[in-house]
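Q:
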Amino acid sequence: MPSVLSIQSRVAYGHVGNAAATLPLQLLGCEAWTLDTVLFSNHTGHGRWRGNVVPASEVAAVFEGVADLGVLPECDAVLSGYLGEAATGAVLIDAVDRIKRANPAAVFCCDPVMGDIDSGLYVRAGLPEFFRDTALPAADIATPNRFELEWLTGEAVTSLPQALAAAERLRRTGPDVVLITSLDTATDHIGMVAVGPAGAWLAETPRLPLVLNGCGDVTAAVFLARLLRGDPLPQALGATMAGVFAVLETTLRLGRRELALVPAQAELATPSRVVEARRIA
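Counted from 1, the sequence shown has number 157 at position 157 by this note's numbering; the numbering is strictly sequential.
1. Looking only at C-alpha atoms, which of V53, F245, W33, A20 sits nearest to F40?
2. Short check: CB of A77 to CB of V4, under 8 Å?
3. For V11, which of L25, P2, Q26, R48 has the nearest alpha-carbon?
4. Within the same chain, show all residues whose beta-carbon is closer than 6 Å to that of I280, passing over the 5 residues directly before and after it, in chain order.
5. Helix, strand or coil: how does DSSP classify S41 here?
6. Which ranges does the beta strand (DSSP E) cover as unbroken runs of at least 3 residues, wholly within the stretch 54-113, from first to last along the chain?
7. State the Cα-Cα distance for the pair A60 and S182, rounded to the nearest angstrom.
8. Whose CA, out of G65, Y82, L152, I190, lies closest to the CA of L160?
9. Are Q8 and D217 close, meaning C-beta to C-beta below 8 Å?
10. Between the C-alpha atoms of W151 and K100, what's the straight-line distance to the nearest angstrom?
11. What three-state label does DSSP hand G199 in the structure shown?
12. Going by other Cβ atoms of all chains shown within 10 Å of its Cβ, with 16 needed for buried, is E148 buried or exposed?
13. Are the CB atoms of L92 and A156 nearer to each other than 8 Å?
14. What does the alpha-carbon distance come out to for the pair L35 and A277?
15. Just reading off the alpha helix (DSSP H) that T251 is part of, what are its end residues?
16. State the DSSP-derived secondary structure class of W49, mapped to helix, strand or coil.
17. Does the separation of the CB atoms of L72 and T37 fall below 8 Å?
18. Which same chain residues end up closer than 6 Å to H43 when comparing Cβ atoms and leaving out the 5 residues on each side of it in sequence?
19. Apply the 10 Å Cβ neighbour rule to D118 and answer buried if 16 or more other Cβ atoms are within range, or exposed otherwise.
20. Would you call the CB atoms of R171 and V193 closer than 8 Å?
21. Do you know how far the Cα of D231 is from the Cα of A163?
22. Classify E204 as buried or exposed, calling it buried when 16 or more other Cβ atoms lie within 10 Å of its own Cβ.
23. Assign A221 to one of three DSSP states: helix, strand, or coil.
24. Can you give me the Cβ contacts of A125 inside the same chain, cut-off strictly under 8 Å, excluding the 5 residues immediately before and after it?
Here is the structure:
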């Protein structure tokens with residue numbers, strides 16, 4: 001059973017950050033070690049919230065407590081998401097370095113959470129540069145959305161060929177595998193693209209009329225868990241797309257503002273819809 005150290009945000013209500021990643025990791029057979037970078041009442045998409053960013057020193061102290069248990073050799077992956085402040089970046093990189101020394105087979109999956117097409121950049125100063133210059137060169141897997149991919153590579157991504165070119169450019173900076181978590185492929189469809197050493201694949205589902213927070217967090221967790229289980233890249237992509245689509249479809253049917261992770265949990269582990277990943281390169 002793989003163990004994953006997940007370093008990202010925490011909310012009391014709803015499903016973003018670790019509150020979105022934990023259940024999918026567990027459903028797919030991973031032990032989730034959660035290290036929270038913020039403690040908020042709810043995600044900021046609601047327009048108001050309470051709580052605070054966890055100071056980097058406290059994040060580091062919690063990690064030291066885990067390390068003191070002597071369990072770092074048991075950790076198979078680090079998953080990072082919303083970091084809260086730039087100073088936490090150093091804590092993340094230290095954790096990755098120490099875990100990889102303890103377990104050379106461990107992988108680092110970096111979700112470079114910094115913004116989206118609708119909002120632009122929404123993180124504190126210094127974090128986008130940290131992801132570009134430090135985190136992604138150290139990563140094995142990267143899971144940017146379209147906006148993040150454009151910002152990180154400086155390349156426009158408005159077509160499939162542009163997406164492939166940008167993903168390959170990002171791969172050259174460090175990560176072996178790049179998953180583009182959101183790509184407009186047609187008026188009524190949305191896609192994900194996975195690019196690795198053996199090629200590139202596209203998976204698509206119908207576009208649903210809703211915009212929700214936390215989709216990228218769920219996507220990164222499911223994709224990482226499936227790779228840790230040994231799924232080949234195209235199968236991991238198709239199953240991830242199918243599971244996330246089922247969550248969104250359930251959320252729409254129930255009329256919820258937050259991801260319906262619990263009602264759709266069976267779909268995350270065993271999606272009823274088959275989404276075939278099509279080779280595109």
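All residues carry an ideal CB built from backbone N, CA and C; glycine is no exception.
A: Reading off the structure:
1. As a position in the sequence shown, residue 40 is number 40, starting the count at 1. Minimum Cα distance to F40 is reached at V53.
2. If you number the sequence shown from 1, residue 77 lands on position 77. If you number the sequence shown from 1, residue 4 lands on position 4. Taking 8 Å as the cut-off, the beta carbon of A77 is found closer than this to the beta carbon of V4.
3. Locating residue 11 in the sequence shown gives position 11, counting from the first residue. Ranking L25, P2, Q26, R48 by Cα distance to V11 puts R48 first.
4. Translated into positions along the sequence shown, residue 280 becomes position 280. Around I280: A200, L202.
5. Locating residue 41 in the sequence shown gives position 41, where the first residue counts as 1. Correct three-state label for S41: coil.
6. Runs of the beta strand (DSSP E) lying entirely within the stretch 54-113, each at least 3 residues long, are 77-80, 107-110 in chain order.
7. Here residue 60 corresponds to residue number 60 of the sequence shown, with the count starting at 1. Here residue 182 corresponds to residue number 182 of the sequence shown, with the count starting at 1. The alpha-carbon atoms of A60 and S182 are separated by roughly 32 Å.
8. On the sequence shown, residue 160 is found 160 positions in, with the first residue counted as 1. That would be I190, whose Cα lies nearest to the Cα of L160.
9. In the sequence shown, counting from the first residue as 1, residue 8 sits at position 8. In the sequence shown, counting from the first residue as 1, residue 217 sits at position 217. Going by C-beta atoms, Q8 is nearer than 8 Å to D217.
10. Sequence index remark: in the sequence shown, residue 151 carries index 151 (1-based). Sequence index remark: in the sequence shown, residue 100 carries index 100 (1-based). Taking the straight line joining both Cα atoms gives about 28 Å.
11. By 1-based counting over the sequence shown, the position of residue 199 is 199. G199: strand per DSSP, three-state reduction.
12. Taking the sequence shown and counting its residues from 1, one reaches residue 148 at position 148. With 16 or more other Cβ atoms within 10 Å, it is buried.
13. The residue you call residue 92 lines up with position 92 of the sequence shown. The residue you call residue 156 lines up with position 156 of the sequence shown. The answer is no: Cβ separation not under 8 Å.
14. In the sequence shown, counting from the first residue as 1, residue 35 sits at position 35. In the sequence shown, counting from the first residue as 1, residue 277 sits at position 277. So the two alpha carbons sit approximately 33 Å from each other.
15. For the purposes of this step, residue 251 is taken as the residue at position 251 of the sequence shown. Element bounds for T251: 233-254.
16. As a position in the sequence shown, residue 49 is number 49, starting the count at 1. In the structure shown, W49 sits in coil (DSSP, three-state: anything other than H, G, I, E or B).
17. Reading the sequence shown from its first residue, position 72 is the one you call residue 72. Reading the sequence shown from its first residue, position 37 is the one you call residue 37. Cβ atoms of L72 and T37: not closer than 8 Å.
18. Taking the first residue of the sequence shown as 1, we reach residue 43 at position 43. Closer than 6 Å at Cβ, skipping near neighbours: V11, G14, V16, N213.
19. Position 118 of the sequence shown holds residue 118. D118 should be labelled exposed.
20. Counted from its first residue, the sequence shown places residue 171 at position 171. Counted from its first residue, the sequence shown places residue 193 at position 193. Going by C-beta atoms, R171 is not nearer than 8 Å to V193.
21. For this step, residue 163 is matched to residue 163 along the sequence shown. For this step, residue 231 is matched to residue 231 along the sequence shown. Rounded to whole angstroms, A163 to D231 spans 23 Å at the Cα level.
22. Residue numbering aside, residue 204 sits at position 204 when the sequence shown is read from its first letter. So E204 ends up on the buried side.
23. Here residue 221 corresponds to residue number 221 of the sequence shown, with the count starting at 1. In the structure shown, A221 sits in a helix (DSSP, three-state: H, G or I).
24. Within the sequence shown, the letter at position 125 stands for residue 125. Closer than 8 Å at Cβ, skipping near neighbours: A86.
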